[in-house]
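For the sequence shown, the numbering used here begins at 75 and goes up steadily by one.
A virtual CB, placed ideally from N, CA and C, is assigned to each residue, including glycine.
Step one of this worksheet: look at the structure below.
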Amino acid sequence: MTFILEKLHDRASISPFAIGGLGLIVAFAFGLFINIYKKSGAPESRTKGHGFPLPPGPEPMPVIGNLLDIPRKHEWQTLTKWSAKYGDIVRVTVLGRVIIFVNTMKAANDLFDKRSAIYSDRPRLPLLNEVRVFTGQFGTGNVKKFDIVQEQASGKLLKRLLVNPENFIDHLRLHAGQVIMMSVYGINVESRLDGYITTAQKVMDAVSEAGRPGAFLVDIFPISWFPGTISKDIIKQWRIDIHNLRWKPYAASVEILAEGGSPGPSFVSALLEKSDGDCDKTEMDVLIRDSAALAYGGLPPISLSDPNLLMRPYAPLPTFFSSSLTIAGADTSVATLTAFILAMTIYPEVRKNAQAEIDAVVGASRLPSFSDRKNLPYLTAVMKETMRWHTTAPQALPHLLKEDDVYNGYFLPAGSIIVGNTWGILHDPAVYPDPMTFKPERFLTAEGEIDDTLTDPVKYTFGYGRRICAGLNFAENTLWITMAFILSTLDITLAKDAAGNPIPAALDPSSGLISHPDPFKCSVTARSAQAEALIHQADVF
Ligand code: HEM
C-alpha cells in the first residue's frame with residue numbers, strides 16, 4: 075500500500091492525471107482488483123501468449139496498471155508520445171483490462187480491415203440489429219433520397235449565418251438537427267430550442283460527460299461507485315431524457331404518417347412501409363424506433379432500462395452509457411462544420427481558391443448542387459482536409475478483440491479493448507507532411523483532380539473495419555453540400571475588435587469522445603448582392 079501511495083505521489087507530480095483523494099483511489103483500486111479478479115479471466119494476467127509478449131507500453135503499476143497514465147484531456151498528445159516511443163501498437167493495462175492503441179494506418183488496416191472478423195465487436199452491446207437496419211437505409215445506395223433534405227436545410231442555414239453571424243455555432247446545431255430530424259423522422263424543426271433538439275443535446279452532453287476520460291475507460295469499471303459518481307436525481311433525469319429521445323419523435327413520426335404522410339422521404343416512413351404485414355409489429359416497432367434513435371441522438375440507451383439501476387445508491391459515472399453509446403447524429407457534423415468555418419477564417423487563400431472553382435463551374439446565378447460534385451475537386455479536397463486537420467472523433471469508438479491474436483511478434487489477448495488512434499493516424503507526418511497546416515492541395519494531383527493514390531482521411535475519420543460509421547455517406551453528403559452552399563455565397567474572415575484589429579483565431583480542439591474546436595470569433599458577409607439574393611431565395615423552402 076505504501077509503495078502504491080509513493081508511486082501515486084511520483085506520478086502526480088509529472089502527470090496531467092493528478093487526482094485528489096489518493097486514499098479514495100487506492101481503496102477504489104483494491105475494491106476493483108478483488109472484483110475484477112473474482113469476476114473475469116482478467117486478460118492482463120496473461121502477459122504472454124503463444125510465446126509472444128504483450129505489445130510495449132508505459133510501465134504499469136501493481137493492481138491499477140496504467141490508470142494514472144491515462145490522460146484526462148488532450149489524449150492525442152499523450153498517444154503521440156507513446157506512439158513515438160513504443161511504435162505501431164501500444165499497450166496499457168487499466169484495472170485488469172488490456173487496452174491496445176493502434177497508431178498507424180498500416181496497423182489499422184492490418185487489424186481492423188484484414189482481421190475484421192475478430193476486431194469488430196464492441197465492449198458490451200453490439201447493437202448489430204439496429205446498425206444493420208440503419209445501414210440498409212443510410213448505405214451508399216440509399217442516401218441519395220436525402221439530397222433534397224440536405225440541400226433545403228443548407229439553404230436555410232445561409233440566411234441565419236448572414237443575419238446573425240455571431241451565433242454561427244447555434245446555427246450549425248440547428249442545421250444538423252434539421253437534417254437529421256427530417257431524414258430520420260420526417261419532422262421539421264425550426265428552432266434550436268425545439269424540444270426534440272434540446273432532448274438530443276441533453277443526451278449527447280450526458281454521453282460526452284460519461285465518456286470522459288477516454289472512451290475506452292467506460293467499460294472497465296465494474297463496481298457501483300467511483301470518484302465523481304452522479305446522484306440518483308441526475309440519473310433519473312437522464313432516464314427521462316433518454317426515454318423521450320427514443321419515444322417522442324418516433325411517436326410523432328408515426329402520427330404524421332397516419333395523417334397522410336411526411337413532407338419528404340424519411341428513415342422511419344421507409345421502414346414502416348416496408349414492414350407492413352410481414353413481421354411481428356411490436357418487435358419491428360422497437361427495432362425501427364431504436365435504430366432511428368441511434369441516428370438522432372447517438373444511442374439506444376439500453377443500459378438505462380436496467381431496472382436495478384435506480385436501486386443503487388449511486389451509479390458509476392462511466393458505466394452508464396458505456397458501450398451502448400455510439401458516435402452518431404448531429405454533434406459530429408456540428409464539430410466538423412465548425413472546424414470548416416475556422417479553417418476558412420484562418421486560411422483565406424484556401425477559401426478564395428474554393429470560391430474561384432465554384433464560380434467557374436457553377437457561376438453566380440445559382441447555388442451548387444450534388445450534381446456539381448465531380449467538377450469541384452478542390453472543394454472536395456477542402457472537405458477531406460477539414461476532417462483530417464480537426465479530428466472530430468479522435469479515438470473513434472472502442473472495439474473488442476474476440477479471440478487471441480498475434481501481430482508483429484506481439485500477443486493481443488482476447489477481451490482486449492482496441493482503440494484506433496485516429497488523431498495520430500491523420501497527423502502522421504510520414505503520410506501527411508506538415509500535418510498541423512490546412513492544405514487541401516495534398517489531396518490533389520498536379521492536374522487538380524482528387525488524388526486516389528493518397529490515403530483518404532474519410533476512411534479513418536469515420537472509424538474502422540466492419541464498425542465504420544453507418545452514417546458515413548449521409549454525413550459526408552451533409553458536410554459537402556453545406557460547405558458548397560457557404561462558400562458559394564459567403565465570405566468568412568477574421569473578426570475585428572473595436573479598434574479594427576483582426577482577432578486571431580487558431581485550432582484548439584476540445585477533449586472528449588467528440589472533439590469540437592474551442593470557441594473563436596469570425597466575420598461572415600455576403601460575397602455580393604447577387605449572392606445575398608440567392609441566400610434569400612434559398613430560405614423559402
Ligand atoms: C462528421 C460526422 C460523423 C463522424 C466523424 C462519425 C464518426 C463515427 C465513428 C468514428 C464511429 C465509430 C466507428 C468505429 O467504431 O470504428 C461511428 C459510428 C456510428 N455512426 Fe457515425 N459519424 C458521423 C456522423 C454520423 C451520422 C450523421 C450518423 C447517422 C445518420 C451516424 C451513425 C453512426 C452509427 C449508427 C454508428 C455505429 C456503427 C456501429 O456500431 O457499427 N454517424 N461514427
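How big is the Cα-Cα spacing for residue i and residue j?
i: VAL217; j: MET557; result: 18 Å
i: VAL480; j: ILE138; result: 25 Å
i: SER562; j: LEU453; result: 11 Å
i: ALA488; j: THR535; result: 26 Å
i: VAL456; j: PRO514; result: 5 Å
i: PHE150; j: GLY498; result: A small correction: the amino acid at residue 150 is Trp; Phe does not occupy that position in the sequence shown. Each residue's alpha carbon lies about 7 Å from the other.
i: TYR421; j: LYS458; result: 15 Å
i: ALA255; j: GLN469; result: Looking at the sequence itself, residue 255 is Met, so the reference to Ala does not match. The alpha-carbon atoms of MET255 and GLN469 are separated by roughly 27 Å.
i: SER190; j: GLY539; result: 6 Å
i: VAL172; j: PRO583; result: 27 Å
i: PRO339; j: ALA504; result: 44 Å
i: PRO296; j: ARG146; result: With a pLDDT of 43 at PRO296, under the threshold of 50, the predicted position of this residue should be treated as unreliable, and no value is reported.
i: PRO531; j: ARG516; result: 11 Å
i: ALA181; j: HIS148; result: 22 Å
i: GLU662; j: GLY170; result: Shown here, the chain extends from 75 to 615; a query on residue 662 therefore has no answer.
i: SER265; j: ALA600; result: 23 Å
i: ASN183; j: LEU587; result: 22 Å
i: THR154; j: VAL168; result: 19 Å
i: TYR506; j: GLU329; result: 50 Å
i: ASN449; j: GLU550; result: 17 Å
On the CB-based measure, 16 or more other CB atoms within 10 Å of its CB, does residue i come out buried or exposed?
i: LEU267; result: exposed
i: ILE609; result: buried
i: HIS590; result: buried
i: ASP433; result: exposed
i: GLU347; result: exposed
i: TYR321; result: Checking the sequence, you will find Trp at residue 321 rather than Tyr. Result: exposed.
i: VAL53; result: Lying outside 75 to 615, the shown extent of the chain, residue 53 is not represented and no answer is given.
i: THR526; result: Note on residue identity: the sequence assigns Asp, not Thr, to residue 526. So ASP526 ends up on the exposed side.
i: ALA467; result: buried
i: GLY537; result: buried
i: ASN575; result: exposed
i: GLY131; result: buried
i: SER620; result: Coverage of the chain is limited to positions 75 through 615, which leaves residue 620 absent and any answer about it impossible.
i: PRO136; result: exposed
i: PRO134; result: buried
i: GLU333; result: exposed
i: ALA158; result: exposed
i: PRO323; result: buried
i: ALA544; result: buried
Short check: CB of residue i to CB of residue j, under 8 Å?
i: PHE559; j: LEU441; result: yes
i: THR465; j: THR496; result: yes
i: GLY494; j: VAL176; result: yes
i: ASP327; j: TYR270; result: The question names Asp, but residue 327 in the sequence shown is Ser. Contact: no.
i: GLY229; j: ALA520; result: no
i: TRP554; j: ARG425; result: no
i: ALA250; j: VAL408; result: yes
i: PHE126; j: TYR484; result: yes
i: VAL263; j: THR552; result: no
i: GLY123; j: ASP405; result: no
i: ILE144; j: LEU486; result: no
Output needed for residue i: all residues of its chain with C-beta closer than 7 Å, excluding positions within five of it in sequence on either side, in chain order.
i: THR460; result: THR410, ALA413, PHE414, ALA417
i: PRO451; result: LEU518, GLY522, GLU523, ILE524
i: LYS46; result: With the chain covering 75 to 615 only, the question about residue 46 has no answer from this structure.
i: ASP565; result: THR599, ARG601
i: HIS245; result: LEU231, ARG234, LEU235
i: VAL436; result: PRO442, ASP446, SER562
Residues in its own chain within less than 6 Å of residue i by CB, not counting five upstream and five downstream?
i: THR273; result: ASP315, ASN318, LEU319
i: GLN604; result: ALA438
i: SER597; result: THR567, ALA569
i: LYS595; result: ALA569, ILE577
i: THR178; result: ASP162
i: ASP571; result: ILE577
i: TRP463; result: PHE512
i: HIS501; result: PRO509
i: TRP156; result: VAL164
i: ILE542; result: PHE536
i: TYR160; result: PRO130, GLY131
i: ASP221; result: PHE444
i: GLN429; result: LEU561
i: THR152; result: PRO145
i: SER585; result: LYS147, HIS148
Could you name the residues of the same chain whose beta carbon sits closer than 8 Å to that of residue i, not counting the 5 residues immediately before and after it, in chain order?
i: SER602; result: ALA438
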